[in-house]
Every structure is written in structure tokens, then in C-alpha cells.
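A.B. asks:
Number of protein chains: 2
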Amino acid sequence: MTTALKNTAKATRLSNARRTALLKALADPRRFELLERIARNNCPLGCAQARSAMPISPATLSHHIKELETAGLIDVRREGKFHFLSLRPGVLDALASKLKLLETASCPAPPALARK
Amino acid sequence: MTTALKNTAKATRLSNARRTALLKALADPRRFELLERIARNNCPLGCAQARSAMPISPATLSHHIKELETAGLIDVRREGKFHFLSLRPGVLDALASKLKLLETASCPAPPALARK
DNA sequence: TCGACATTTCGACAACTATCGAATTGATTA
DNA sequence: TAATCAATTCGATAGTTGTCGAAATGTCGA
């Protein structure tokens, strides 16, 4: 019950600060690419795998991983020397919902609206 | 038919560059707040209205408006000295869809995944 | 035409951020 | 214990970005 409610709350509620943190983490193209790789992998993505897939230095990768983790977008599992990255469930959904809400809240733009 | 297809394509397709531009525009908290005000207004929001609602200088507001417009999130209608801002339909939806796709593409994280 | 007003541009500044090489830390194995 | 390897931290650098005051531009009305 508590867990169920907690998960539901997480899926629908984002504070302004959290929203900002998420959007900032996603705004960097390299980071988004990394997140895509993590999301599309069929199981937790090895850090080493990410490294060989992207032309960036280990230091830069580490930095990006930390940014994604800090924003709460991914989870990092450590097994000895090896790290495995996975998408944290529900976070992107919550953000997407927030954006859709904004779209829904708006009134249709008049057709005469100039786009100069 | 062409228009219908065009709108459909817009709702479902975002290039990487466009996606990045959108996320960068949304990542600033002030800008997001401005977008929220535009979205929630029942008709195009007057620039002057935005100005009086937010504690930022005219220069800063102008800068943010330009960023939102350049990213393609809003349209600006000019009536003499006055500008009116409105949300461009479908853009937030397209972005939200992209995020949801990413969520869907991921595999469920194992419960044993450590969150250190 | 001038003055008032709405908005933008310009230049400066400070803060933030992506990237890297080098050094460090931590885990594993011989 | 030392060597190897995975990943992080550190410091530096260059680029980006938000913010502002002042100046400039554009519109309108007297």
C-alpha cells in the first residue's frame, strides 16, 4: 500500500526543482544519447560498454553518468570494478506527463497568429 | 491532406537537434515559468503582462522570449508596439512522446539494483 | 516632429558546464 | 604485496548562458 502509493506519487508529482534538474540533465546531447543507450539496452548497460560506444573520455563519461544519477534518471549498480547503468522507471513518464499537462492547459492559438 | 500529414509528422518527429534545442529552452526555470504562464493564459499573453508578473528586467524577458521562439515553442504576434505570446501547438506533445518512447524502450530494472 | 512607451540590442560580467589529461581510488588476481 | 584494470576525482580550459543597465529601435499619438 505504502509502496504502491509512493510509486504513484512519484509518477505524477514533480517539484519545480526536480523538473529543472531533469531538464538540465537531458539538455546535453551527449547525455541524452547516453540515456538512450541505457534505455534501449535489454539489461543494465555496462559502463565499459558505454565507453566503447561513445567517443568521449572516461572522465567525461563519469561526469555525465554522475549528472544523470544525481538528477535521478538512472541507477548505478556496482559489481566489483564494474558499474552497470539502468533507467530509473517512471521518471521520464512523470516529466512527459508534466509537459503534456502544459500542452493541455493552453488554449488553441488563433489561426491568424503571425509567426514572423 | 498535405497539411494533415504535415501536422502529424510534426507531432511525432523530432530531430536530435530540435530535441536538444527544446530541452535547453525548457531547462531554465525562469523560462519554464514564462512558458507556463503563456500556456495557462486563456488567450495570447501580452508581453507587458509577462513583464509585470515576473521580477526580471525587460532585457532578460526579451532574451527569454527569443529563446522560446527560436526553439519553436512559442509564437510571437506583433501588434504595433505590443507583442503577444502564445504556445505553439503540438511541440510539447512531440517532446513528451519522445520521452515516453524512451521510457517504453527500457527494460524493467531488477529489484536488486543498488542505488548507492 | 517630438515625446512617450514597448521592446530589442549591445556589451559586460559572473556563473555554469562540457571536456580533457593526469592523478587517485578501489577492486581483483597472481 | 604488486600489478593490472575500471572508474572517479581534480584542476584547468574554453565555451555557454542568465542577468542587467544603457543605448537603440520601432510604434503611436499629439
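So the protein sequences, as listed, match chains A and B.
Under the numbering used here, the first residue of the first sequence carries the number 627, and numbering increases by one thereafter.
Under the numbering used here, the first residue of the second sequence carries the number 627, and numbering increases by one thereafter.
The beta-carbon is built from N, C-alpha and C at its ideal position, and this holds for glycine as well.
Quick one: does residue 666/B have its CB under 8 Å from some CB of chain A?
C.D. replies: By one-based count along the second sequence, residue 666/B stands at place 40. Cβ-Cβ to chain A under 8 Å: yes for residue 666/B.
A.B. asks: Check for me: the beta strand (DSSP E) holding residue 719/B runs from which residue to which?
C.D. replies: Along the second sequence, read from residue 1 onward, the residue named residue 719/B stands at position 93. Run containing residue 719/B: none in the beta strand (DSSP E); it sits in the alpha helix (DSSP H), 717-731.
A.B. asks: Could you tell me which residues DSSP pairs with residue 709/B in its beta bridges?
C.D. replies: For this step, residue 709/B is matched to residue 83 along the second sequence. 704/B.
A.B. asks: Between residue 696/A and chain B, is there a C-beta pair that is closer than 8 Å?
C.D. replies: Here residue 696/A is taken as the residue at index 70 of the first sequence, counted from 1. Not closer than 8 Å to any Cβ of chain B, the Cβ of residue 696/A fails to qualify, so no.
A.B. asks: DSSP has residue 672/A in a bridge; who is on the other side?
C.D. replies: Along the first sequence, read from residue 1 onward, the residue named residue 672/A stands at position 46. Residue 672/A pairs with 710/A.
A.B. asks: Mapping DSSP to helix, strand and coil, what is residue 631/B?
C.D. replies: Locating residue 631/B in the second sequence gives position 5, where the first residue counts as 1. Low confidence applies here, because residue 631/B scores a pLDDT of 44, under 50, leaving its location unreliable; read the following figure in that light. If DSSP states are grouped into helix, strand and coil, residue 631/B belongs with the helices.
A.B. asks: Quick check on residue 658/A: buried or exposed, where buried means 16 or more other Cβ atoms within 10 Å of its Cβ?
C.D. replies: Taking the first sequence and counting its residues from 1, the one referred to as residue 658/A is at position 32. By the 10 Å Cβ count, residue 658/A comes out buried.
A.B. asks: What residues from chain A crowd round residue 655/B, counting only those whose CB sits closer than 7 Å?
C.D. replies: In the second sequence, counting from the first residue as 1, residue 655/B sits at position 29. Those are 642 and 646, listed as they occur along chain A.
A.B. asks: Can you name, in chain order, every residue of its own chain whose Cβ lies under 8 Å from the Cβ of residue 674/B, other than the five neighbours on each side?
C.D. replies: Translated into the one-based positions of the second sequence, residue 674/B becomes position 48. Contacts found: 708.
A.B. asks: Which of the residues in the stretch 710-721 of chain B, read from start to end, lie with their CB under 9 Å from any CB of chain A?
C.D. replies: Per Cβ criterion, the list reads 710, 712, 713, 714, 715, 716, 717, 718, 719 and 721.
A.B. asks: Roughly how far, in whole angstroms, is the beta-carbon of residue 780/B from the beta-carbon of residue 653/A, given that I think they are within contact range, below 8 Å?
C.D. replies: An answer regarding residue 780/B cannot be provided, because it is not within the stretch 627 to 742 covered by chain B.
A.B. asks: State the DSSP-derived secondary structure class of residue 663/B, mapped to helix, strand or coil.
C.D. replies: The residue given as residue 663/B occupies position 37 in the second sequence. Helix, per DSSP.
A.B. asks: Using three-state DSSP, classify residue 697/B as helix, strand or coil.
C.D. replies: Taking the first residue of the second sequence as 1, we reach residue 697/B at position 71. Correct three-state label for residue 697/B: coil.
A.B. asks: Give a yes or no on whether the minimum CB-CB distance between residue 728/A and chain B is below 8 Å.
C.D. replies: In the first sequence, the residue the question calls residue 728/A occupies position 102. For residue 728/A, the answer is yes, since a Cβ of chain B falls inside 8 Å of its Cβ.
A.B. asks: Against residue 731/B, what residues of chain A qualify as contacts under a CB-to-CB distance less than 7 Å, listed in chain order?
C.D. replies: Indexing the second sequence from 1 puts residue 731/B at position 105. Correct list: 665 and 666.
A.B. asks: Within the 8 Å Cβ cut-off, does residue 707/B reach chain A?
C.D. replies: Locating residue 707/B in the second sequence gives position 81, counting from the first residue. Answer no: the Cβ-Cβ gap between residue 707/B and chain A never drops below 8 Å.
A.B. asks: Mind pulling the chain A residues with CB within less than 8 Å of residue 671/B?
C.D. replies: Position 45 of the second sequence, counting from 1, holds the residue named residue 671/B. Residues of chain A passing the Cβ test: none, with the nearest at roughly 10 Å.
A.B. asks: Looking at residue 651/B and residue 693/B, is the spacing between their C-beta atoms short of 8 Å?
C.D. replies: Looking up residue 693/B in the second sequence gives position 67. Looking up residue 651/B in the second sequence gives position 25. Their beta carbons are under 8 Å apart, which means residue 693/B touches residue 651/B by this criterion.
A.B. asks: Mapping the DSSP letters down to three states, classify residue 683/A as helix, strand or coil.
C.D. replies: As a first step, residue 683/A must be located in the first sequence, where it is residue number 57. If DSSP states are grouped into helix, strand and coil, residue 683/A belongs with coil.
A.B. asks: Taking the alpha helix (DSSP H) that residue 644/A falls in, what are its first and last residues?
C.D. replies: Reading the first sequence from its first residue, position 18 is the one you call residue 644/A. It spans 642-653 - the alpha helix (DSSP H) in which residue 644/A sits, taken as one unbroken run.
A.B. asks: Give the secondary structure of residue 657/A by DSSP, where H, G and I count as helix, E and B as strand, and everything else as coil.
C.D. replies: For the purposes of this step, residue 657/A is identified with residue 31 of the first sequence, where counting begins at 1. Residue state, collapsed to three classes: helix.
A.B. asks: Anything in chain A within Cβ reach of residue 693/B, meaning under 9 Å, just list it in chain order.
C.D. replies: The residue you call residue 693/B lines up with position 67 of the second sequence. Chain A residues near residue 693/B: none, gap ~12 Å exceeds 9 Å.
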